[in-house]
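A.B. asks:
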Amino acid sequence: MTSDATHEEAVSLLQELGLKEYEAKCFVGLSRMSSGTAKGLSEVTEVPRTRVYDAVRILEAKGLVEVQHSSPQQFRAVPLSEATETLRDQYEERVERLQSALREMGSIESDDDEAELQEVWSLSGSDAIENRAAAIIEEATDEVVLVIGSDAVLTEPLIEQLNSIDSDIDLIVGSGSASIRDRVEREIPRATAFLSELDWLRGEITPQEDAAVGRLLLVDRSAMLVSSIDPQTGNEQAIFATGLRNGLIVIARRLLSQGVVEMTPLEQD
1 MTSDATHEEA
11 VSLLQELGLK
21 EYEAKCFVGL
31 SRMSSGTAKG
41 LSEVTEVPRT
51 RVYDAVRILE
61 AKGLVEVQHS
71 SPQQFRAVPL
81 SEATETLRDQ
91 YEERVERLQS
101 ALREMGSIES
111 DDDEAELQEV
121 WSLSGSDAIE
131 NRAAAIIEEA
141 TDEVVLVIGS
151 DAVLTEPLIE
161 QLNSIDSDID
171 LIVGSGSASI
181 RDRVEREIPR
191 ATAFLSELDW
201 LRGEITPQED
211 AAVGRLLLVD
221 RSAMLVSSID
231 PQTGNEQAIF
241 ATGLRNGLIV
251 IARRLLSQGV
261 VEMTPLEQD
């Protein structure tokens, strides 16, 4: 990545974290200088000099910039480690406030008299899918069955969660790949690892394929998540279903019964 591209990425990321364009440009400019005046910073960042003062004032209030009240005034960015920690704290505080606000609002009841007991929802993005899978596993009381189609799915947070599952809960983890199965045996010793006999789980993703299975999760036989990975973009998409008699979950149980070693009770529907 070129210097200009890196500079633009830094400015863009700061804007995603809540800074306005001129504030982000001034902070990035100061982070590359030992210190600077409004004139010097304006020349480096192409931010109008009159707007530099406004941007720096806001950055100072956010704890990202220090000001020396000399003539002319000197500005400098706080050390990078401090700046990133400050931004992280501010971001996490906003997320916590959002979570609190959403909870306090309460829910709006549906006009339907009967709640939907069998549901199917779609979800996009590996982070969102991993979080949903973690939430499903967290609710397990009897059994967790996870079939992994891509090594990218077997992340450290997932491994840590699976190793922490209560010993009373059956944990069965497998794949169509021998290397993934071996990794499961090494890193998740409390799991029953297996090599699936399902043909569509074998092999690597190729550009000719429409999509490949990322993960297939079945918890307590009543909650299921199955994802696919686009071989060209690497984007992950999933569907999430609930309900013991949900057609998708019934199909998943029967598919898994064909690919899981006989020692598991999945075939008993």
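For what it's worth, UniProt numbering labels the leading residue of the sequence shown as 1, then goes sequentially. Cβ coordinates follow ideal geometry from the N, Cα and C atoms, glycine included. Since the structure is predicted, the reported quantities are computational estimates derived from the model, not experimental observations.
Of all the options D4, V28, A5, which has the alpha carbon lying nearest to the alpha carbon of Q15?
C.D. replies: Residue V28 is the option with its Cα nearest to Q15.
A.B. asks: If I measure Cβ to Cβ from Y53 and keep anything under 8 Å in the same chain, skipping five residues before and after, which residues do I get?
C.D. replies: Excluding positions up to five away in sequence, the list reads A38.
A.B. asks: Considering only DSSP beta bridges, list what E175 is partnered with.
C.D. replies: Before going on, a small fix: residue 175 reads as Ser here, not Glu. DSSP output for S175 lists I148, L195 as bridge partner(s).
A.B. asks: By DSSP, does L218 sit in helix, in strand, or in coil?
C.D. replies: Strand, per DSSP.
A.B. asks: Locate the beta strand (DSSP E) running through T242, then write down its first and last residues.
C.D. replies: First-last of the beta strand (DSSP E) with T242: 236-242.
A.B. asks: By Cβ distance below 6 Å, which residues in the same chain neighbour W121 in space, the five residues on each side in sequence not counted?
C.D. replies: If we look at W121 and ignore the five residues flanking it on each side, its Cβ neighbours are F240.
A.B. asks: Express the C-alpha separation of Q237 and G203 in angstroms, rounding to a whole number.
C.D. replies: With a pLDDT of 47 at G203, under the threshold of 50, the modelled position of that residue is not reliable, and the figure given next carries that caveat. Going by the C-alpha atoms only, they are around 19 Å apart.
A.B. asks: Taking V219 as the reference, give the member of A140, A193, A55 with the closest Cα.
C.D. replies: Per the Cα distances, A140.
A.B. asks: Do L41 and L30 have their C-beta atoms closer together than 8 Å?
C.D. replies: A contact, by the Cβ cut-off of 8 Å.
A.B. asks: By alpha-carbon positions, which one of I188, G149, S124 ends up nearest to S164?
C.D. replies: Of I188, G149, S124, the residue nearest in Cα terms is I188.
A.B. asks: Quick one: residues in its chain with C-beta nearer than 7 Å to the C-beta of K20, no 5 flanking neighbours on either side, listed in chain order?
C.D. replies: Closer than 7 Å at Cβ, skipping near neighbours: no residue.
A.B. asks: Which residues bound the beta strand (DSSP E) around A227?
C.D. replies: The question names Ala, but residue 227 is Ser in the sequence shown. That run of the beta strand (DSSP E) goes 223-229.
A.B. asks: I'd like to know whether the C-beta atoms of A191 and L162 end up nearer to each other than 8 Å.
C.D. replies: Their beta carbons are under 8 Å apart, which means A191 touches L162 by this criterion.
A.B. asks: Would I169 pass as a contact of L225 if the rule is Cβ separation under 8 Å?
C.D. replies: No, these two residues do not count as a Cβ contact at 8 Å.
A.B. asks: Measure the Cβ-Cβ separation of E138 and L158 and say whether it is below 8 Å.
C.D. replies: Cβ distance not < 8 Å, so E138 and L158 don't count as in contact.
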